[in-house]
Amino acid sequence: MYEGKAGYVISAAISAAASLFLLRSIIMSEPGGPLFFLNPERIGSIGNILIYLMTGALFIVLYVLMSLCIKHAKRPYPKISLRVRHSLIAIMAVAGIVAVYYLFRMMEYGGWVNSLIDLAIALIVTAASFVLIYFEKEKINKEWLLFIVYVVAAIIMGLKVATPNMLSNAYNLHHASAVVDSIYNVLHGVQFSGDQTDQYGHYSLFFYLPLKLFGESMLTLSAIMGAIYAASFFCLCGAIHITLRSNYMKVLTAIAAALFVTTLTANSIYWQNLPLRAVFPFIMIFVVAFYAKRKDPLTKKEYAIGSIISILAILWNFESGVAVSAAWFMYLIINYYQKNDFNAKSLIKNMSIIVAAMIFYILVPFITVNLYNWLVTGFDTNSLLSIKEFVGSMTDSEYFGRLNTKWIWYTQTNITSIFMMFLFLGCIAWALRSTSMLSKKGSPSALPILAATVSITGLVLLTQCINRAVSVPGHVWIYAAVALGIIASGMVSEIRSIKGWKKFELYGLLKVSICSLALIGLALMGTAGMDLKDSFEDKHATGAYDNRAFVSFAEKVGAKVPKDTLAVGEGTSAIYLELGWDKHYYKFYSTEVELKDCFSSNDSFFIKKSLSTHVDTIKYGLAWDIVYKGTTYEYYVRK
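Here it is in structure tokens:
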């Protein structure tokens, strides 16, 4: 029977190789070739996403088919001869070396490791981990030490995003302004219109009360961003803590994830990803881990909690909300079939419930946003959004087309995405293996459930980076780190019982080999995080933390520009938020006609210089301008 377990691992390897080969063949196909009709370049704006979904679906289908063959095999699994075992061990060794090499090269291309010294350190950490795990005590009395590690890691993560000077050189001003504009609009009772400021979700509804209580300023806003990210990452650490058996692996996973992701993104501020796309996924992962660890049947209250988190997640940010809901449904399916026998009737029933629940999860936020619009516009029915407007950019093929970039096989970003995709798919295969869907009997376990929950979240959020093949999925790496930690922790029992190993036991060797590769990957991420101090110093040098400089700049604007003057352009909402003014213009993304009409109907206006091309200089004159951190703002008055 133990040889049968190895069959599932081999099935996953064959499925990965076949789907990877097809992916490469499609991407490398030329016009006129047999597979070019599937090439993303030919398909168009959503081609990258379609090939991504197709590759994942092919992996799952192949794995399920081969696993079902193993499940329903009538004969005992044949014993593998010693010669074949030796050959497999040699193949595994070569494959492991190749895998480590490509993992290292992938991280080197991304600038995340600097030299072979980093690889050497990672290998030393891996070797030391075997020793530490072997001699590690099952329980420690001072669990508060682990708590301190999690808190420190969470604070580091929070400090990464809690940067109040959005006009510093560390920000992408365009994307930062989209976030601030949306929050600013809600503070002033402006309706959602389904345009560019809404594409990231309706999270701004959640910021209204905290900003009203603690003060409307960029400092308060950045502090809230940092606090919610730190708290949500602490939830992620909590999921790791209650699921992983080894305290050493708990610490290594938490530190590697925190150091790598923070170092990777320390010199840029992209709030749409961190924390906005991370908050509810981290919370859901903790809730799922807590439920799975208890192993008791879910109560109605617990079902309600999972549903409420999913609904709030969709209201907060539609894209990550879909990921949260998918993670919740994945948990329900895996958990059910770990404890119950599989049959087609129950699967159809469960899937029908899931579809109905998903519709409900979307409808509640949709109604909530429309209720808000209806109230702030004085019950104007014309302000109500359609489903398409509510969902936003995820249904806009033109927007997808603008983001879409060509897949090139030999690039660091594409290699990274492929690595993550198969890492997550492997975890999902593992979780399916633990159910009665693919095994004769389910085996209740929290570890594969957590792996599947983390992985389905990562797969959904990776879609954005797949579509835009030039972008590095920095925020998705955190799910990869946790997945690697979960896989690596799987060898704890094997290491602790090493004296009882049977000679050349294939499944045990496969398991330890895969877990070792995961451990090396995790160690490499931790090694890359060794530059955290320098990264924060570089970020500090950009002025991202210099709130006094930003406040001083805003006060200069306030001294020259009359209060509540019409303001348009990136950064103006942050300036007026600091001044406590109403800028009387709430559209983040406008057409040339809209801007000209807006300017021509006012006696004066304060704008970002890039919009000056829309100003009629015959009617308006430049009264004052100011340059801050390389960005110029201008104040015009009617002549």
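According to the working numbering, the residues represented by the sequence shown are 68 to 706, in order.
Glycine included, C-beta positions come from ideal geometry on N, C-alpha and C.
| message | What ranges does the beta strand (DSSP E) occupy inside the stretch 156-204, keeping only unbroken runs of at least 3 residues that lie completely in it? | response | Note on the stretch 156-204: there is no whole beta strand (DSSP E) run with a minimum of 3 residues.
| request: Assign Trp544 to one of three DSSP states: helix, strand, or coil. | output: In this structure, Trp544 counts as helix in the three-state DSSP scheme.
| Neighbour-count burial assignment, Asn440, 16 or more Cβ in a 10 Å radius | Within a 10 Å sphere around the beta-carbon of Asn440 sit 16 or more other beta-carbons, which makes this residue buried.
| 8 Å contact criterion, which Ala359 and Tyr398 should meet: CB distance rounded | Separation of the CB atoms of Ala359 and Tyr398 is rounded to 7 Å, and the pair is thereby assigned contact status at 8 Å.
| task | Could you check if Asp692 is buried or exposed, using at least 16 other CB atoms within 10 Å of its CB as the buried criterion? | result | With fewer than 16 Cβ atoms within 10 Å of its Cβ, Asp692 is classed as exposed.
| request: Under 6 Å Cβ to Cβ from Tyr69, same chain only, skipping five residues before and after it: list those, please. | output: Confidence at Tyr69 is low in this model, with a pLDDT of 46, below 50, so the placement of that residue is unreliable and no value is reported for it.
| message | In whole angstroms, give me the CA-to-CA distance for Ser284 and Phe666. | response | Between Ser284 and Phe666, the alpha-carbon positions lie close to 27 Å from each other.
| query | Which residues in the same chain have their Cβ closer than 6 Å to the Cβ of Ala690, if we skip the five residues on either side of it in sequence? | reply | For Ala690, same chain residues with a beta-carbon under 6 Å away, outside a window of 5 residues either side, are Tyr702, Val704 in chain order.
| said: Helix, strand or coil for Leu341? Go by DSSP, reduced to three states. | reply: Reduced to three states, the DSSP call for Leu341 is coil.
| request: Let me know the alpha helix (DSSP H) ranges lying completely inside the stretch 269-295, each 4 residues or longer, listed in chain order. | output: Taken in chain order, the unbroken stretches of alpha helix (DSSP H) that lie wholly in the stretch 269-295 and span 4 residues or more are 271-281.
| Same chain only: Cβ atoms within 8 Å of His242, ignoring 5 sequence neighbours per side | These residues qualify, in order along the chain: Tyr337, Trp338, Gln339.
| request: Note down the Cα distance separating Tyr404 from Leu678, rounded to an integer number of angstroms. | output: Cα to Cα, the separation comes out at about 58 Å.
| field | Inter-residue spacing [alpha-carbon to alpha-carbon] between Met597 and Val180 | value | Near 9 Å, if we compare the C-alpha coordinates of Val180 and Met597.
| field | Inter-residue CB distance, Leu303 and Ile223 (contact presumed, cutoff 8 Å) | value | About 13 Å separates the CB atoms of Leu303 and Ile223; that is not less than 8 Å, and the two are not in contact.
| task | Measure from the alpha carbon of Ile137 to the alpha carbon of each residue in Leu120, Ile77, Leu382, Ala85, then state which is nearest. | result | Closest by alpha carbon: Ile77.
| message | Going by DSSP in three states, Glu701 sits in which element: helix, strand or coil? | response | Glu701 falls in the strand class under three-state DSSP.
| If you count every other CB in all the chains shown that lies within 10 Å of the CB of Asn534, and 16 or more means buried, which is it? | With a 10 Å radius around the Cβ and a threshold of 16 neighbouring Cβ atoms, Asn534 comes out buried.
| task | Tell me whether Leu536 sits in a helix, a strand or coil according to DSSP, three-state version. | result | According to the sequence provided, residue 536 is Ala. The question's Leu does not apply to it. Note: Ala536 maps to coil in three-state DSSP.
| Counted within 10 angstroms of its Cβ, other Cβ atoms place Glu98 as buried (16 or more) or exposed | The displayed chain sequence assigns Pro, not Glu, to residue 98. Exposed, because fewer than 16 other Cβ atoms sit within 10 Å of the Cβ of Pro98.
| message | Can you tell me whether Tyr695 is helix, strand or coil according to DSSP? | response | Looking at Tyr695 - three-state DSSP - the assignment turns out to be strand.
| said: Suppose you measure from the CA of Ile350 to the CA of Ile581; what does that come to, to the nearest Å? | reply: Whole-angstrom Cα-Cα distance: 28 Å.
| Coarse secondary structure for Ala394, derived from DSSP in three states | Note: Ala394 maps to helix in three-state DSSP.
| said: Against chain B, with Cβ distances strictly below 7 Å, would Tyr700 count as a contact? | reply: Judged by its chain identifiers, the structure shown contains no chain B, having just a single protein chain.
| message | So, for Thr520: in the same chain, excluding its five sequence neighbours on each side, which residues have a beta-carbon less than 7 Å away from its beta-carbon? | response | Here the set comprises Ile352, Val355, Ala394, Met397, Tyr398.
| request: Please determine, among Lys317, Thr483, Arg500, Thr478, the residue with the shortest C-alpha to C-alpha distance to Leu135. | output: The candidate whose alpha carbon is nearest that of Leu135 is Arg500.
| said: Assuming Ser671 is part of the beta strand (DSSP E), what are its boundary residues? | reply: According to the DSSP assignment, Ser671 belongs to the beta strand (DSSP E) that extends over 671-675.
| message | Within a Cβ cutoff of 6 Å, which residues of the same chain sit near Lys676, ignoring the five residues on either side of it in sequence? | response | The answer, listed in chain order, is Thr699, Glu701.
| said: At the level of alpha carbons, what is the spacing between Asp248 and Asn669? | reply: For Asp248 and Asn669, the distance between alpha carbons rounds to 21 Å.
| Which class does Ala656 belong to by DSSP, given the choice of helix, strand or coil? | A small fix is needed here, since residue 656 is Tyr in this sequence, not Ala. The answer is coil: DSSP assigns Tyr656 none of H, G, I, E or B.
| query | In chain order, which alpha helix (DSSP H) runs of at least 4 residues are fully inside the stretch 428-466? | reply | Fully enclosed alpha helix (DSSP H) runs of no fewer than 4 residues occupy 454-458 of the stretch 428-466, in order along the chain.
| When you compare each of Val389, Asn402, Ala595, Ala411 to Ser510 by their alpha carbons, which one comes out closest? | When C-alpha distances from Ser510 are compared across Val389, Asn402, Ala595, Ala411, the shortest belongs to Asn402.
| Rounded C-alpha distance that separates Ala555 from Ala306 | Across the structure, Ala555 and Ala306 are spaced so that their CA atoms are roughly 16 Å apart.
| Using the rule of at least 16 other Cβ atoms within 10 Å of the residue's Cβ for burial, across every protein chain shown, is Thr680 buried or exposed? | In this structure Thr680 is exposed. Its beta-carbon is surrounded by fewer than 16 other beta-carbon atoms within 10 angstroms.
| query | Does the distance from the CB of Leu105 to the CB of Ile93 come in under 7 Å? | reply | Leu105 is a Cβ neighbour of Ile93, given a cutoff of 7 Å.
| Other residues of its chain near Gly697: CB distance less than 8 Å, five sequence neighbours each side excluded | If the five residues before and after Gly697 are omitted, its C-beta is found closer than 8 Å to the C-beta atoms of Asn236, all from its own chain and listed in chain order.
| From Ala325 to Leu451, what does the alpha carbon distance come to, in whole angstroms? | Cα to Cα, the separation comes out at about 41 Å.
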